[in-house]
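Quick note on numbering: the sequence shown equals residues 3 to 187 in this note's numbering.
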Amino acid sequence: MVKKTIQDAEQRMEKTLTSTKSELGKVRTGRANLAMLDSVTVEYYGSHVPLKQVANMGVPEPRLITIQPWDRNMLGEIEKAIMKADIGINPNNDGHIIRLPIPPLTEERRKDYVKIIHQLGEDGKVAIRNIRRDALDQLKKAQRDHEISEDEEYNGGIDMQELTNTYIEKIDETIKIKEKELMEV
3 MVKKTIQDAE QRMEKTLTST KSELGKVRTG RANLAMLDSV TVEYYGSHVP LKQVANMGVP
63 EPRLITIQPW DRNMLGEIEK AIMKADIGIN PNNDGHIIRL PIPPLTEERR KDYVKIIHQL
123 GEDGKVAIRN IRRDALDQLK KAQRDHEISE DEEYNGGIDM QELTNTYIEK IDETIKIKEK
183 ELMEV
């Protein structure tokens, strides 16, 4: 019972960590990053599909993203979708390929992004702590229902706290890496 509860909590914490990393990946850093385009959907023959399903995307230079659609007729649609997505980048269309030049960030904008990164990291930590609380509540309920002993509940609580600390450290490391990447000129 205790192992199952801890394993379940660990799986949920892993999902939270992955989610937090993907949210942090969407924050612009002044470097070309394809994750910035994850939210862009293109109208393709009447349905909205993610950009990566209609074009090859690449990063040939640190400050440039190139998008080459498989169907050349899609250039205009892709350009409109990027403009509508409001990611702060103006696409350049040369008739064959779309180039997204990433402008360098100002110092003020970098500091704003650092605040956003810390907020996203804090949200991830809160989610991890909520998972810990739920798991501890399950252990207390099991102990009240005499499914496990008090010692098992106590030891499960200690294991849960160690697991929580591990995942919070992983989120902190991710934030530090992203902050270092952001402050790099």
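Note that beta-carbon positions come from the ideal geometry of N, C-alpha and C, so glycine has one too.
If you check the beta carbons only, do residue i and residue j fall under 9 Å apart?
i, j, result
"Gly-97", "Ile-173", "no"
"Val-61", "Leu-53", "no"
"Ala-34", "Ile-104", "yes"
"Met-162", "Ala-11", "yes"
"Thr-18", "Ala-129", "yes"
"Met-3", "Thr-166", "no"
"Arg-112", "Ile-67", "no"
"Tyr-115", "Met-76", "no"
"Arg-135", "Ile-170", "no"
"Asp-125", "Thr-22", "yes"
Can you tell me the Cβ-Cβ gap for residue i and residue j, rounded? I've got them flagged as a contact below 8 Å.
i, j, result
"Glu-81", "Asn-95", "5 Å"
"Gly-32", "Pro-106", "5 Å"
"Pro-93", "Ile-84", "5 Å"
Assign residue i to buried or exposed, taking buried as 16 or more other Cβ atoms, counted over all protein chains shown, within 10 Å of its Cβ.
i, result
"Gly-158", "buried"
"Pro-64", "exposed"
"Ile-179", "exposed"
"Gln-13", "exposed"
"Ile-160", "exposed"
My output table needs one value for residue i: the three-state DSSP class, helix, strand or coil.
i, result
"Ile-179", "helix"
"Leu-107", "coil"
"Ala-34", "coil"
"His-120", "helix"
"Glu-164", "helix"
Would you tell me roughly how many angstroms separate the C-alpha atoms of residue i and residue j, rounded to the nearest one?
i, j, result
"Ile-91", "Leu-39", "11 Å"
"Ile-118", "Thr-108", "15 Å"
"Val-51", "Ile-99", "19 Å"
"Thr-176", "Gln-140", "30 Å"
"Lys-127", "Arg-74", "44 Å"
"His-148", "Leu-138", "15 Å"
"Glu-155", "Thr-168", "20 Å"
"Gln-2", "Val-56", "An answer regarding residue 2 cannot be provided, because it is not within the stretch 3 to 187 covered by the chain."
"Glu-181", "Ile-69", "27 Å"
"Glu-25", "Ser-151", "40 Å"
"Glu-183", "Ile-89", "19 Å"
"Lys-143", "Glu-164", "21 Å"
"Gly-78", "His-120", "37 Å"
"Arg-146", "Val-29", "45 Å"
"Lys-86", "Val-44", "10 Å"
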